[in-house]
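Following: one structure in structure tokens, then a few remarks.
In the working numbering, the protein residues as written are 844 to 1141.
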């Protein structure tokens, strides 16, 4: 399969490499935490209230099967220019790790009343959630390039018109926060059902997980305000452009655009609030309106 550089600009490739690098560190750290938590169970004094009903061999087997999945996910994305197939498989394995990771938690910690080691293991396991999110980024870039259906560097009829887009991160941040809050709650609830004695600690774990995940998503995003962009093409009622970070983006423009001075209002999400585009010159604005044929001056 083609390499990632086939689908993205050099700017976007550099950013994706950085994100994958820290994602690999995060997921590897999660595995190390899980191993440490398990080792501590073998040195922890055994008692009727801190003893799993499963045999030691079953615990080892469940842990080994689980750890093989995120480790494989990391290995597939170590290359500086990974292929499309390896990136997709890495993402899938991270998703599988989220589901399979519950098994060793149950096998090792079922019956534990002391929450320290179960929560330590769970904190390592939960690193798979942000890892899965970050591994979706390359697939988004690849999907956009396939949809655009032209090689990197080839521009269309808008031919690099430069302008600025007004962005607001609050709505997107809240959306991600709610999504991961629900996901973390679902996973932790499944664990709590297997060990009811740990239930009292789970609200604190959920809050901490949501805060950490939400913060990581927020830091990866762009800041609010005016951001530069470069227009690519307008065809089949779709406008394509490159963001300041080299990402290829698009929006379907069906209705006439509202024009005020050098500002153009568009809607990026159906039913969402309008987003302002600010052109650098009247000539660029006139050219844009001529090509799209959607201008309606207020």
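C-beta atoms are modelled at their ideal positions from N, C-alpha and C, and glycine is treated no differently.
query, result
"Can you confirm whether the stretch 980-987 touches the stretch 897-909 when touching is taken to mean that 3 or more C-beta pairs between the two stretches lie within less than 8 angstroms?", "no"
"From what residue to what residue does the beta strand (DSSP E) around residue 1145 run?", "Past the boundaries of the shown model lies residue 1145; the chain is included only from 844 to 1141, so the question cannot be answered."
"With the cut-off set at 8 angstroms, would you say residue 1076 and residue 998 are in Cβ contact?", "yes"
"How is residue 1004 classed by DSSP in three states: helix, strand or coil?", "coil"
"Out of 991, 861, 882, 917, point me to the one whose CA is closest to residue 870's CA.", "917"
"CB-CB under 6 angstroms to residue 905, same chain, minus the five flanking residues each way: which ones, in chain order?", "946, 947, 950"
"Could you tell me whether the stretch 951-966 touches the stretch 850-863, where touching means 3 or more Cβ pairs closer than 8 angstroms?", "no"
"Would you say residue 1137 and residue 1095 are within 8 angstroms of each other, going by their C-beta atoms?", "no"
"Find out if the Cβ-Cβ distance for the pair residue 847, residue 925 is shorter than 8 angstroms.", "yes"
"Between residue 1119 and the ligand COA, is the CB less than 7 angstroms from at least one heavy atom?", "Here there are no bound small molecules, and the ligand COA is not part of this structure."
"Cα separation between residue 1103 and residue 1003?", "22 angstroms"
"Put residue 1086 into one of helix, strand or coil per three-state DSSP.", "strand"
"On the DSSP bridge list, what partners appear for residue 846?", "926"
"On a Cα-Cα basis, can you pick out the residue from 1079, 1091, 1106, 1084 that is closest to residue 1097?", "1079"
"With DSSP collapsed to three states, give me the class of residue 1118.", "strand"
"With distances taken between CB atoms, is the gap from residue 1070 to residue 1010 smaller than 8 angstroms?", "yes"
"Taking C-alpha atoms, which residue in 991, 928, 927, 940 lies nearest to residue 911?", "940"
"Taking the alpha carbon of residue 943 as the point to measure from, which residue in 933, 968, 931 has its own alpha carbon closest?", "968"
"Taking the alpha-carbon positions, what's the residue 1125 to residue 1105 distance?", "7 angstroms"
"How big is the Cα-Cα spacing for residue 992 and residue 920?", "25 angstroms"
"Whole alpha helix (DSSP H) runs in the stretch 913-1000 with 4 or more residues, listed along the chain?", "927-943, 945-952, 959-968, 971-991"
"Counting C-beta neighbours from all protein chains within 10 Å, is the total for residue 855 16 or more, i.e. buried, or is it exposed?", "buried"
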